[in-house]
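A.B. asks:
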Amino acid sequence: MKPNMLGTIHIFVGVGALFGGMAGILSPSGSAVGITASEALKNGPFIDFLIPGIFLFVVLGLGNIIAFITAKNKYQPYISGCFGIILCLWIVIQCYMLYTINVLHIIFFIIGIIQIFLSIRLQQQTVKQ
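Here it is as structure tokens:
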């Protein structure tokens, strides 16, 4: 395993989440991205995209960027694994609330699984050393 694969995933997910979260924060109605919040979120607990946007921006966006910056931390396998789990849970909850699954959901769920797998591999390598 290349040592920077997890870092690449953290940057990719983090930057994407920053942009997605910012869209939800700046346009809670969803009009900026062509989605009607009242229609998309009718099965969920939210009336607009503000709270999900804040979560996406702070937890998945800033969290993954910080995980990338602190990559030399001895707890890195656990941190990366947690963000992989959070990403997978985010996708499952999002699909449940929206009552739909699209290609991006599948792609990001797979990325979360890869992040978890790479974290386990990193932990195994750390224990062997």
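The opening position of the sequence shown corresponds to residue 0 in numbering that gives the first Met the number 0, with each subsequent residue numbered one higher. All C-beta atoms in this analysis are idealised placements derived from N, C-alpha and C, irrespective of residue type, glycine included. What you are looking at is a predicted structure, and each value in this text was computed from that prediction instead of being measured.
By alpha-carbon positions, which one of 63, 18 and 25 ends up nearest to residue 80?
C.D. replies: Residue 63 is the option with its Cα nearest to residue 80.
A.B. asks: According to DSSP, is residue 108 helix, strand or coil?
C.D. replies: Residue 108 falls in the helix class under three-state DSSP.
A.B. asks: Going along the chain, which residues of its own chain have a beta-carbon closer than 6 Å to the beta-carbon of residue 16, five neighbours each way excluded?
C.D. replies: If we look at residue 16 and ignore the five residues flanking it on each side, its Cβ neighbours are 55, 59 and 60.
A.B. asks: What three-state label does DSSP hand residue 69 in the structure shown?
C.D. replies: Of the three classes helix, strand and coil, the one that applies to residue 69 here is coil, per DSSP.
A.B. asks: So, using beta-carbon positions, are residue 23 and residue 43 closer together than 8 Å?
C.D. replies: It is not a contact, given that the beta carbons lie outside the stated cut-off.
A.B. asks: Would you mind working out which of 32, 21 and 90 sits nearest residue 104, comparing C-alpha positions?
C.D. replies: Answer by Cα proximity: 90.
A.B. asks: Count the other CB atoms within 10 Å of the CB of residue 88; is the residue buried (16 or more) or exposed (fewer)?
C.D. replies: Per the 10 Å Cβ criterion, exposed.
A.B. asks: Report buried or exposed for residue 99, applying the criterion of at least 16 other Cβ atoms within 10 angstroms of its Cβ.
C.D. replies: So residue 99 ends up on the exposed side.
A.B. asks: Can you check which of these residues, 35, 40 and 82, is closest to residue 11 by C-alpha distance?
C.D. replies: Among 35, 40 and 82, the Cα nearest to that of residue 11 is on 82.
A.B. asks: Quick check: the region 68-80 against the region 119-128, are at least 3 beta-carbon pairs closer than 8 Å?
C.D. replies: The region 119-128 vs the region 68-80: in contact.
A.B. asks: Can you say whether residue 118 is buried or exposed, counting buried as having 16 or more other CB atoms within 10 angstroms of its CB?
C.D. replies: It is buried - the Cβ of residue 118 has at least 16 other Cβ atoms within 10 Å.
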